[in-house]
Amino acid sequence: MRWQGRRGSSQVEDRRGFPGGGRGMAVGGCGTLILVLVISWLTGVDPLALLQTVGTGGGVAPPGADVSVPAGVQTGSSDPADDRLAEFAAVVLADTEETWTGIFRAQGVEYQLPTLVLFRDAVGSACGFNAAAVGPFYCPADGRLYLDLTFFADLERRLGAPGDFAQAYVIAHEVGHHVQNLLGLADRVTEAQRRARSQEEVNALSVRMELQADCLAGVWGHAAAGRGLLEQGDVEEGLRAAAAIGDDRMQHMAQGRISPESWTHGSSEMRVGWLRRGLESGDPDRCDTFAAGDGA
């Protein structure tokens, strides 16, 4: 990607040097919690169900107690490589702002900018407390995206999806959840999940939300390509990343078997297909996963 020298977003809150990412207090048994969250992220199983209570995993976090640090806190990092990733993330966020501001303006609507929170290890938000093991997530209750930059190393080394556009896709996917929230879709899906008759129905709705966010990430990628941000091979990096984090592949890696009824994000094939649709069309109207068939 040709991102160096481009404008970075001012909507970045850097909590990497803040203990607990702004949580402000310690909780015992963190090692067990992280292990449970890792298993949940890999398998699609509800992490708190594993702890024999009720809760949800990553992706779009549910509302909860706001335990964030005061607005405007900037803490930074002493690692130059990490700071370079933070700069990259700010540039990608700025480019998504340009894309979605234009799309919303064309519909006569103002795009409300999200905030990207960078953290290390664990973070507090209006959706509660999350360990980095859940991966990047979006909190509808505060309109923030949460990202531990070490996820990018996992994406490359553990999941085999290197490249800056693979990283940009991750950010753009979470921005896609913000777009869904602004359009009121997140609330409607949450209500539909409350009325669902089974966990399988709940999961199926989650899959459609995630696949739509993939498609919306592709819409941004299409616009970014038009602005000359993409280089040869970037699209392939993004598609490789989408395939790498498909539920079927993650489950096979974690437990050696695949359980489609427990998917919360969609298979590799589904994720690649919807990301590709957004990349090729650049049209958010082509991202209606809820009107698609059962195979999404």
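Take the sequence shown: its letter number 196 is residue 195 in this note's numbering, and every next letter is one higher. Cβ coordinates follow ideal geometry from the N, Cα and C atoms, glycine included.
So, for residue i: in the same chain, excluding its five sequence neighbours on each side, which residues have a beta-carbon less than 6 Å away from its beta-carbon?
i, result
"V201", "Q192, A195"
"G183", "none"
"V271", "L238, A241, A242"
"R104", "none"
"P161", "E155"
"Q211", "C286, T288"
Using alpha carbons as the reference points, say which of the options lies closest to residue i.
i, options, result
"G220", "S280, E190, E209", "S280"
"R187", "H172, S258, S205, E155", "S205"
"D163", "G16, G255, S258, F87", "F87"
"V11", "D82, I102, L117, R83", "L117"
"R157", "R248, G292, R5, R276", "R248"
"L112", "E96, D120, R119", "E96"
"P7", "D78, R83, P79", "The sequence as given places Gly at residue 7; Pro does not occur at that position. Comparing Cα-Cα distances from G7 to each of D78, R83, P79, the minimum goes to R83."
"D284", "R15, Q106, C138", "Q106"
"R15", "G232, Q231, L115", "L115"
"W273", "D120, T98, E209, C138", "E209"
"L215", "T98, Q250, D153", "T98"
"A152", "Y110, G225, A80, R256", "A80"
Between the alpha carbons of residue i and residue j, how many angstroms are there, rounded?
i, j, result
"S258", "G217", "27 Å"
"E190", "Q198", "14 Å"
"D13", "N129", "16 Å"
"F17", "L146", "14 Å"
"R276", "G292", "15 Å"
"R207", "V234", "22 Å"
"Q166", "H172", "10 Å"
"Q250", "S267", "11 Å"
"D78", "A85", "11 Å"
"D213", "Y137", "14 Å"
Skipping 5 residues on each side, what residues in its chain have a beta carbon closer than 8 Å to that of residue i?
i, result
"F150", "A131, G134, P135, V169"
"L229", "M0, R1, F164, G220, A223"
"R5", "V90, A93, D94, L228"
Where do the N-terminal and C-terminal ends of the beta strand (DSSP E) with residue i fall, by residue?
i, result
"L137", "According to the sequence shown, residue 137 is Tyr rather than Leu. Here the beta strand (DSSP E) through Y137 covers 136-138."
"D147", "143-147"
"E235", "Here E235 belongs to no beta strand (DSSP E); instead the alpha helix (DSSP H) covers 233-243."
Name the two residues that bound the continuous alpha helix (DSSP H) containing residue i.
i, result
"S280", "267-280"
"S124", "Premise fails: S124 lies in the beta strand (DSSP E), 121-124, not in any alpha helix (DSSP H)."
"G127", "Per DSSP, G127 belongs to no alpha helix (DSSP H); it is in the beta strand (DSSP E), 127-130."
"R196", "Neither: R196 is in no alpha helix (DSSP H) and is coded neither H nor E."
"V116", "From DSSP, V116 is part of no alpha helix (DSSP H) but of the beta strand (DSSP E) over 114-118."
"L154", "150-156"
"E368", "Absent from the model: residue 368. The displayed extent of the chain is 0 to 295, so no value can be given."
Cutting at 7 Å between CB atoms, please list the residues of its own chain near residue i, excluding the five before and the five after it.
i, result
"G159", "A243"
State yes or no: is the beta carbon of residue i nearer than 7 Å to at least one beta carbon in chain C?
i, result
"W99", "The structure shown contains no chain C; it is built from a single protein chain."
**Study point:** Cβ pair count under 8 Å reaching 3, the segment 139-155 against the segment 168-181
**Key:** By the Cβ criterion, the segment 139-155 is in contact with the segment 168-181, since at least three pairs of Cβ atoms, one from each stretch, lie closer than 8 Å.
Check your understanding: Does the segment 243-262 come within contact of the segment 121-132, defined as at least 3 CB pairs closer than 8 Å?
Key -> With a cut-off of 8 Å, the segment 121-132 and the segment 243-262 do not count as touching, because too few Cβ pairs lie within range.
Review point. So, do the segment 255-262 and the segment 280-292 have three or more beta carbon pairs nearer to each other than 8 Å?
Key: Contact between the segment 255-262 and the segment 280-292 is absent, with fewer than three C-beta pairs closer than 8 Å.
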